[in-house]
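What follows is one structure encoded as structure tokens, with my remarks underneath.
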Amino acid sequence: MALEIERKFLVLDDSYKHEAFSKSHIRQGYICSERGRTVRIRIRDNQAYITIKGPSLDGGLSRYEFEQEIPLADAEKLMTLCESGQIDKFRWLVKSGDHTFEVDEFFGDNEGLVMAEVELSSPDEQPIIPHFIGKEVTGDRRYYNSQLRRNPYRLWKE
321 MALEIERKFL VLDDSYKHEA FSKSHIRQGY ICSERGRTVR IRIRDNQAYI
371 TIKGPSLDGG LSRYEFEQEI PLADAEKLMT LCESGQIDKF RWLVKSGDHT
421 FEVDEFFGDN EGLVMAEVEL SSPDEQPIIP HFIGKEVTGD RRYYNSQLRR
471 NPYRLWKE
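My numbering applies: residue 321 is where the sequence shown begins, and numbers increase by one.
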């Protein structure tokens, strides 16, 4: 199992769209989204994956993750077994130095939320932060996709 180390940020504006080298559509559901463990089905364009994640460590900076590609038809069937509420988003990939920022533009119940993640090889690694990046939200559970499914962005109060 791999250790996923990532930081999350809010995005200030849509300038990332002009800098992106890739854009894909992601739809995902959760078979299990209990605290400390999630099992997710993700369909990204025409590919599908099952992902199992363990509890967050280091204040939300890292956690264990297992991901396996699965047949698209199986993923479509597994989506029917998922808990209510799905995540629907575009993912834009933007290079910044040696890192790639994944910018997620949410739709549906999470419309208006735009968030970026960057994966790191160690917790103390310092990526070059692009100009469109705002407040860091690493470890803030409200911004976990599994939580956005339960408590969508459109229901948040300022």
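Heads up, the beta-carbon is just placed ideally off N, CA and C, and yes, glycines get one too.
Whole-Å CB distance - residue i paired with residue j, under 8 Å assumed
{"i": "V438", "j": "E326", "result": "6 Å"}
{"i": "K288", "j": "E354", "result": "Here the chain has residues from 321 to 478 only, and residue 288 is not among them."}
Sub-8 Å separation of residue i and residue j beta-carbons
{"i": "F341", "j": "I453", "result": "no"}
{"i": "F421", "j": "P450", "result": "yes"}
{"i": "W412", "j": "K337", "result": "yes"}
{"i": "Y464", "j": "L433", "result": "no"}
{"i": "A395", "j": "I361", "result": "yes"}
{"i": "G405", "j": "R469", "result": "yes"}
{"i": "V331", "j": "M435", "result": "yes"}
Close-in-space but distant-in-sequence residues of the same chain around residue i (CB under 6 Å, 5 per side omitted)
{"i": "S304", "result": "One cannot answer for residue 304 here, as it falls past the ends of the chain, which runs 321 to 478."}
{"i": "I390", "result": "A368, I370"}
{"i": "D408", "result": "R347, F427, G428"}
Nonlocal neighbours in the same chain, by C-beta distance under 8 Å from residue i, ignoring five residues either side
{"i": "R357", "result": "I372, K373, G374, P375"}
{"i": "N471", "result": "R462"}
{"i": "E324", "result": "K373, S382, R383, Y384, E385, E439"}
Cβ-based neighbour list, residue i, same chain, cut-off 7 Å, excluding 5 preceding and 5 following
{"i": "L377", "result": "R383"}
{"i": "D333", "result": "F452"}
* To do: Count the C-beta pairs between the segment 376-388 and the segment 445-459 that are closer than 8 Å, then say yes if the count reaches three, no if not.
  => yes
* Asked: Is the segment 347-364 touching the segment 388-401, taking contact as three or more C-beta pairs under 8 Å?
  -> yes
* If you scan the segment 331-385 from start to end, which runs of the alpha helix (DSSP H) of 4 or more residues do you find wholly inside it? -> 336-339
* Every unbroken alpha helix (DSSP H) within the segment 392-448, with a cutoff of 4 residues, ordered by chain -> 392-399
* Okay, do the segment 427-435 and the segment 350-370 touch, 3+ Cβ pairs below 8 Å being the bar? -> no
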